[in-house]
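Chemist: If you're matching positions, the first sequence starts at 47 in the numbering used here and goes up one per residue. For every residue, glycine included, the Cβ atom is placed at its ideal position computed from N, Cα and C.
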Amino acid sequence: MAKDFFKIEKNDTNTKARAGVITTDHSEIPTPIFMPVGTQGTVKAIYPRTLEEMDTRIILGNTYHLYLRPGTDIINKFGGLHKFMNWKGSILTDSGGYQVFSLKDLRKLSEEGAHFASYLDGSKHMFSPEKVVEIQRLLGSDVVMVLDECTEYPCEKKDAIKSMQLSEKWAIRSRKAFLEDSEPLYGFRQFQFGIGQGSMFADLRREYAQKLVDIGFDAYAIGGLSVGEPAELMYDMIEVTNEVLPLDKPRYLMGVGTPENILEAIERGIDMFDCVMPTRNARNGQLFTSYGKINIRNAKYKYSQELIDPMIDSYASQNFTLGYLRHLMLSDEIMGLMLASEHNIAFYLWLVRTAREKILSGEFSSWKREFLFRYNNPE
RNA sequence: UCCCAAGUAGCUCAGUUGGUUAGAGCAUCUGACUGUUAAUCAGAGGGCCGGGGGUUCAAGUCCCUCCUUGGGAG
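1) Tell me which residue opens and which closes the beta strand (DSSP E) that Lys-339 is part of.
2) At which residues does the beta strand (DSSP E) containing Arg-64 begin and terminate?
3) List the endpoints of the continuous beta strand (DSSP E) containing Thr-77.
4) How big is the Cα-Cα spacing for Gly-186 and Thr-139?
5) Have a look at the DSSP bridge pairing and note the partners of Gly-107.
6) Take Leu-97 as the anchor and find which of Glu-198, Asn-132 and Leu-250 has the nearest alpha-carbon.
7) Grouping DSSP H, G and I as helix and E and B as strand, with all else coil, what is Arg-415?
8) Roughly how many whole angstroms lie between the Cα atoms of Ser-156 and Tyr-298?
9) Span of the beta strand (DSSP E) holding Met-357?
10) Is it right to say Ala-265 is buried, meaning 16 or more other beta carbons lie within 10 angstroms of its own, or is it exposed?
11) Output the distance between the C-alpha atoms of Thr-109 and His-72, rounded to the nearest integer angstrom.
12) If you follow the alpha helix (DSSP H) that Asp-227 is in, where does it begin and where does it stop?
13) What's the call for Lys-404, buried or exposed, on a 16-neighbour Cβ count within 10 Å?
14) Tell me whether Glu-157 sits in a helix, a strand or coil according to DSSP, three-state version.
15) Rounded C-beta distance between Pro-94 and Val-398? I'm assuming under 8 Å.
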């Protein structure tokens with residue numbers, strides 16, 4: 047008998063935070079968890095071996111990008127995305143809903159689905175909810191996301207309602223396609239998450255979350271946040287949504303965020319996160335460290351023989367100096383991207399791992415306050 | 001010694017028949033990045049236009065002279 051998909055180990059006494067375990071056929075995932083983003087079948091500039099060394103349990107892939115290149119036929123012939131990219135842990139694939147949003151100049155929406163032109167060669171494609179389920183079945187991801195529409199910010203309420211209604215129709219069709227026409231292809235289970243929308247309107251957020259719960263998914267994500275709104279507004283939307291979502295299912299806040307965003311969301315009951323920030327910003331010279339956010343290209347690190355971050359347990363963090371990493375980044379050396387990316391992911395994993403430990407030991411609130419004070423006020 | 005070419009930002013170079021506040025790329029410095037079209041993008045600082053003299057309402061641009069560098073001749 048397979049283990050429960052999600053089990054809560056401890057609820058925080060002072061806050062809505064919780065510590066739990068998600069179990070897929072590829073890995074046990076302690077929550078809260080951060081999932082590094084590997085859009086095109088690679089977490090950019092980091093070996094899978096390095097991710098394993100850092101105890102990464104789950105990464106993201108992207109339906110839209112992998113469908114356009116290399117294409118599902120190729121990944122299917124390799125036996126699925128895990129084998130294709132040699133990743134032994136779990137994989138969650140985003141549906142392409144975010145690309146429909148971020149590449150909006152290239153697409154048109156209808157009730158049937160999203161019609162779009164490939165950014166690679168201009169070829170025409172259509173993503174229906176059913177097709178997106180099928181693509182993720184061919185990819186073989188452990189967690190399949192529904193196709194949704196991510197609204198822009200700011201957004202008029204009538205547009206938010208219209209968008210929500212479209213996402214709802216898509217969610218119903220997605221669930222049906224997943225349950226009725228989507229037997230797993232590679233011998234392990236797949237789970238499907240619904241995605242809450244409703245822009246920045248609390249009543250819409252509640253209403254739509256309830257509709258998703260009524261449809262019934264393995265877990266629920268919160269989408270359409272961190273799209274330019276003030277952080278406080280995002281926190282409010284997380285709170286009202288989590289009031290409706292069932293306590294015994296994981297909650298996934300999509301695309302978030304900064305270390306501070308993540309701790310605030312954990313406090314409000316979020317279990318899963320993904321974000322390009324640690325990897326993208328690493329490649330652009332920004333490091334997240336236990337002593338604050340720094341830009342490694344700054345002249346003040348020219349002579350620094352300090353280690354990147356001795357507090358963080360990774361090869362990159364504990365074996366190379368700031369001055370050396372600065373040199374690599376300014377010289378456009380590939381190892382600079384690798385070390386910076388590895389460190390940032392190690393930091394994000396350390397952050398959620400420590401949050402979990404503190405929830406288990408009952409010290410989450412005080413630790414969070416102290417950490418953020420230190421992080422935001424570097425000596 | 002003579003002939004030719006070239007001297008403009010730290011570097012490599014644009015700069016129209018003389019006409020706004022002399023530009024670019026790179027470098028330097030700083031910032032941004034939130035379900036990745038991103039090893040990307042944005043901003044800033046930086047000039048006795050080789051020196052001097054002249055022509056002109058006006059010179060990086062035309063003339064003279066000197067200096068420096070490169071090439072060629074002897």
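Modeler: The relevant details are as follows:
1) Run containing Lys-339: 338-341, per the beta strand (DSSP E) assignment.
2) Taken as a continuous stretch (DSSP letters only), the beta strand (DSSP E) holding Arg-64 covers 64-69.
3) Segment 74-77, the beta strand (DSSP E) holding Thr-77.
4) Straight-line Cα distance between these residues: approximately 9 Å.
5) In DSSP, Gly-107 forms a bridge with Thr-139.
6) Considering only Glu-198, Asn-132 and Leu-250, the residue with the shortest C-alpha distance to Leu-97 is Asn-132.
7) In this structure, Arg-415 counts as helix in the three-state DSSP scheme.
8) Going by the C-alpha atoms only, they are around 27 Å apart.
9) DSSP places Met-357 outside any beta strand (DSSP E), giving it a letter other than H or E.
10) The residue in question, Ala-265, is buried, as its Cβ has 16 or more Cβ neighbours within 10 Å.
11) Going from the Cα of Thr-109 to the Cα of His-72 covers about 19 Å.
12) If you look at Asp-227, you'll find it in the alpha helix (DSSP H) that goes 203-227.
13) It counts as buried.
14) Secondary structure at Glu-157: coil, using DSSP grouped into helix, strand and coil.
15) Not really, about 20 Å apart at Cβ, beyond 8 Å.
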